[in-house]
Every structure is written in structure tokens, then in C-alpha cells.
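Student:
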Amino acid sequence: MDSEQSHDLHIFFLPFMAHSHTIPLIDMAKLFASRGIRVSVITTPVNAPGLSKSIERSRLLGHEIEILIVKFPCMEAGLPEGCELLDLVHSLEMGRIFIEATTMLVQPIERLLEEYRPNCLVADGFFPWSTEVASKYGIPRIVFNGTCFFSVCASQCVRLYQPYKKVSSDTDPFVIPNIPSEIKLTRKQLPDFIKQETGLAEFFRKVEEAEVNSYGVLFNSFYELEPAYADHFRKVWGAKAWHIGPILLCNNNFEDKSNRGKEASIDENECLKWLDSKKPNSVVYICFGTVSNFPDSQLLEIAMALEDSGQQFIWAVRKNKNNQQENVVWLPEGFEERMEGKGLIIRGWAPQLSILEHEAVGGFVTHCGWNSTLEAICAGVPMVTWPVFADQFYNEKLVTQVLRIGVAVGAQKWAIGVGDSVKKEAIKKAVTYLMASEEAEEMRCRAKKLGEMGRKAVEEGGSSHSDFNALIEELRSKGM
Ligand code: UDP
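Using the numbering used here, the letters of the sequence shown map in sequence onto residues 738 to 1217.
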């Protein structure tokens, strides 16, 4: 795309206030800006500093990208001052209030639309009201839903055909009807809000309705990764969709990668130096994203499994008051001394992208958040899948059964932030399989091929590059 051709377009990006939603949407905003489109990212005072480094780098390259700030109504909604990020929410009730607070952003965003008159609003799926807001100003709202085609198709069919009602227990498997592969799940692995009427059920209904009524959906995926599902989504649901990923590949230098999300809790260079001292594919990386918080007892099972497996590891541990249990230790006595040189614990934020891309890393124990999954695919790293909640049980099936680049640890229960409890024997077995079996070597080869396909997809002439151009052409030709 000739950058001068598209300078006439101005697009607003509205990321949901949670790291795992903001990271890909900021990458996306930077991608649009790098193709000569004028971009404004709307965020709130607490979130703005975290984004500014990344945006500033893009501006230094001459891209037309800016941050617009709207006040987050903490006080009005009854949230503590500064609670402008989902990661700071510590209970379901607080989560409900947080979502409610985001609906109060309508007016300030309308004021910005009035003032700037952009051509299009790309808003996170968690802002269902943004479809109506955009239509009030005669512009399209495009949804960014943050997951893959596979999980959208599978979850839509589960909601529509309700196969979970036809099994007699929570642990009896059912087949998801009307999708391209035979995928089995159990009732226990489904979200509560699918099975019963809760506040969240209503919220997700609104999300879906707004998606149907929106102009289309942007996917952080690429056609070659899940062709049957990319086709299925468009044909069966009749929805407009553009696959423009893996968007993370727009970060092609150290600074861009380091500026994604939070500042690392470890010196990134030290971490990479540690990895430099290891043989290729000899380290397993363990991280469960930005929301899941395992109790101390579960962390202890992981620590014991890692030690028993004999594998070298980097383990990113999220700890806050939610997972502290009285009289429970989360590390066996003397663990860190024994693991000296063999394992690295990162307490807090890990520089995940750089870790996964390091040749010493040969496996990833992941909760299957879509960002983490795609990052592993791009790095050609096979996975131990340990889904916890959200879309993660669907993503697990894509990884283990469709792409065959992962092995399941055996998590059986969908539960917000905590998931199932998994014993050390199962963890050790899966980690050992991932790091030391012939089958895992085959998975690694498949993952590497997919990573290469992902890189080709975003290059000139690749499927994602072409879909991106098609979207921009469409917006321009309609005079949007
Ligand atoms: N992430 C990171 N360091 C951490 C934890 C997470 O860089 O210590 C990043 C990770 O690379 C990914 C995002 O945060 O881009 C997590 O998103 P994902 O969709 O995988 O999971 P969620 O946080 O939604 O559960």
C-alpha cells in the first residue's frame, strides 16, 4: 500500500483497558500508522503512560499516530481511584462494576468523534456500545475481538446448538456440531455464563449482538493457520472479516518488543544472557498470562513438577493477595538454591516475546490466551496447554488437535482466573513429553513451519498483507 494513498484516512482505535487486549490493539494501531494511515488511540490517564513509549517510537519513524485521553469514571462507578485497568480488579463484583464503568465512556468518546470526525472506529469487542456510537456519527465500527477464527466458530456453535444439554453429566464429552473438525469438550470446560443466566451472560449477548451489527471483524490471525475456520466464519456466519495477523510481527526490534505491555520485572538483557548460556531447545518457559492467579498450593505443585522433571526452565509467577494462602508455601524449601543456574523465576512481568524467540527455549507451558498462543506459534515453540477460562479451552483444541503443536496437561475445569487444580505428576509428565520426546520434536517442526507461514503472511503479497490492503481499499472506496 502506497502510504500517500491512504493519508486521507483517519482511524480511531479504542483498546479495552487490560494488558492482553491493549497489547495487540496497540500493535494493530502501529501497523495501520506504518502504512500511512492517520491513527488516534483513545485511552485513559492511568493507561496512557504505558502506551506512550510504544507510540512515541512509531512517531519517531514519522508515522501519524497520537494518544487521546478520556477520563475513566472510577469515582462515579464506585471503583477505587486509579482502577482503570482490568488487571487491578480483584473480584467478580469489581469486574462487573469495571465493565459498567466503561459504558460511561460513551459521552467523552462521542465528544472526540464530534471533534475529530474520523473515518472509522476500531473498538475492542468488550465495548458493545461502540457500534451504536459509531453509527450515530455515520462511520463504521470494526470489532477487534482478540481471538482466533477457530474459537469464535466453535463458541458460536456451542451457543447456537447447545450440545452440552444432550450429555448426562458435566464430564461426558460432546461433539461441537457444524464446525470443520471433530472437536469434543465437556460441560465443565464451558464458561458458566453459557450454562446459566448471569450478569456476564447478558454482557456477552450484547458483545455478540454488537459484533453482528458492526461493519466487520478484525482477526489477529492468518489464513494459513486456520483456513477451514477463516472460511467457515465468513461463509456460515456471513460476517465480514479481515485476517491481518500475526500483528505482533510488526515489532521487529528489541525496543519495540520490550515496550509491549508492562516493564519487565527482570533486566531483559540479563534474562537473555542467561538463555544464551543454554543449548537450543533446552529450556521450558512457563507463564499464564495477565489475569490468571493460581493459589499457592497450585504454584507448589508446579515447582515440584519442574524440579522432578529435571528440565531447565524460566517461570513467570504472578503473585498478589488473591493467591496467597495461609500456612501454604509456594516453593519447596531450598528450591531456589537447588535450581540455581537451572531455573529462573521471574516474579511479575516477563519479557515474554524475547524469551519465546530465544533459540534456547524449546517449549511453553501456557494457559492458551490467544496472544500467548500466537506468540508461541510465531516463535515456532510447541506448548503444554493448560487452559483456565475465557476462550482458552477452545484455543487448546486448536493447538493440540487441529495444529498438533501441543500436548494437554489435562485441565478439566473452566473457572475465572484459577481454572482446574492440576497435580505435579500430570505437569511433570506433560513437561517431560514436551521437552524430551520424539513426538515433541515433530510438534516443534510443525510449529516452526507455522511460524514461517505467519511471517510470509504479513510480508508484501502475503495473505494478511493483502487482506489489510483490501480493508483499506474498501474504506477508501466507500468514502468512509
Ligand atoms: N505477557 C508478558 N509478560 C508476562 C505476562 C504476559 O509479556 O509476564 C504478555 C504476553 O506476551 C501476551 C499478553 O501479555 O502478549 C497476555 O495475553 P494472553 O492473551 O496470552 O493472555 P491473558 O492475559 O488475556 O490471559
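Glycine included, every Cβ here is placed at the ideal spot set by N, Cα and C.
#1: Which of the three DSSP states, helix, strand or coil, is assigned to Leu1212?
#2: In three-state DSSP terms, what is His1294?
#3: Starting from the C-beta of Leu1002, find all residues in its chain whose C-beta is less than 8 Å away, skip the five residues before and the five after it, and write them out in chain order.
#4: Express the C-alpha separation of Gln1048 and Met738 in angstroms, rounding to a whole number.
#5: Helix or strand or just coil, what does DSSP make of Glu803?
#6: Using the beta-carbon count (16 or more within 10 Å), is Ala1053 buried or exposed?
#7: Examine the ligand UDP and report whether any of its heavy atoms sits within less than 7 Å of the Cβ of Thr1027.
#8: Hey, Trp1011 and Leu1081 are a contact pair by Cβ (cut 8 Å); roughly how many whole angstroms apart?
#9: Helix, strand or coil: how does DSSP classify Ser791 here?
#10: CA-CA distance, Asp907 and Leu937?
#11: Near His1095, which residues of its chain fall below 6 Å by C-beta distance, leaving aside the five closest residues on each side in sequence?
#12: Looking at Ile876 and Leu858, is the spacing between their C-beta atoms short of 8 Å?
#13: Could one say the Cβ of Val1054 lies closer than 8 Å to chain D's Cβ atoms, at least one of them?
#14: Go ahead and pull the three-state DSSP assignment for Gln742.
#15: Could you tell me whether the region 1123-1136 touches the region 1148-1162, using the rule of 3 or more Cβ pairs below 8 Å?
#16: Following the continuous beta strand (DSSP E) through Ala1053, name the residue where it begins and the one where it ends.
#17: Following the continuous beta strand (DSSP E) through Trp979, name the residue where it begins and the one where it ends.
#18: Counting beta carbon pairs with one atom in the region 1102-1121 and one in the region 1060-1078, are three or more of them shorter than 8 Å?
#19: Buried or exposed for Tyr853, please, with buried defined as at least 16 other CB atoms from any protein chain shown within 10 angstroms of its CB.
#20: Mind listing, in chain order, the continuous alpha helix (DSSP H) runs of no fewer than 4 residues lying wholly within the region 844-886?
#21: Where does Asn950 land, buried or exposed, given buried means 16+ other C-beta within 10 angstroms?
#22: On the three-state DSSP scale, how would you describe Lys921?
#23: If you draw a straight line from the C-alpha of Ala1116 to the C-alpha of Asn784, how long is it?
#24: Is Asp929 buried or exposed, if buried means 16 or more other CB atoms sit within 10 Å of its CB?
#25: Quick one: what's Cys1024 bridged to in DSSP?
#26: Which residue marks the beginning of the alpha helix (DSSP H) containing Arg971, and which one marks its end?
#27: Let me check understanding here. Comparing Cα to Cα, which of Met841, Gly998, Gly773 lies closest to Leu762?
#28: Which of the three DSSP states is assigned to Met1120 in this structure?
Tutor: On the basis of the data shown:
#1: Judged by DSSP in its simplified three-state form, Leu1212 adopts helix.
#2: Outside the shown range of the chain, which is 738 to 1217, sits residue 1294, and nothing can be said about it.
#3: Note that residue 1002 corresponds to Ser in the displayed sequence, not to Leu. So the list reads Ile1083, Arg1084, Gly1085, Trp1086, Ala1087, once near-sequence residues are dropped.
#4: Residue confidence for Met738 is low, a pLDDT of 44 falling below 50, so the modelled location carries little weight; the figure read from the coordinates is stated next. For Met738 and Gln1048, the distance between alpha carbons rounds to 47 Å.
#5: Strand at Glu803.
#6: buried
#7: yes
#8: 6 Å
#9: helix
#10: 21 Å
#11: Leu1012
#12: At a Cβ-Cβ threshold of 8 Å, Leu858 and Ile876 count as neighbours.
#13: As a matter of chain content, chain D is missing from the structure shown, which is built from one protein chain.
#14: Low local confidence applies: a pLDDT of 49 at Gln742 is under 50, so the model's placement there is unreliable, with the coordinate-based value given in what follows. Three-state result, Gln742: helix.
#15: At 8 Å Cβ cutoff, the stretches touch.
#16: 1049-1054
#17: 978-980
#18: no
#19: exposed
#20: 867-873
#21: So Asn950 counts as exposed.
#22: strand
#23: In a straight line, the C-alpha of Ala1116 is about 28 Å away from that of Asn784.
#24: exposed
#25: Answer is Thr1103, bridged to Cys1024.
#26: Element bounds for Arg971: 964-974.
#27: For Leu762, the nearest C-alpha among the options comes from Gly998.
#28: strand
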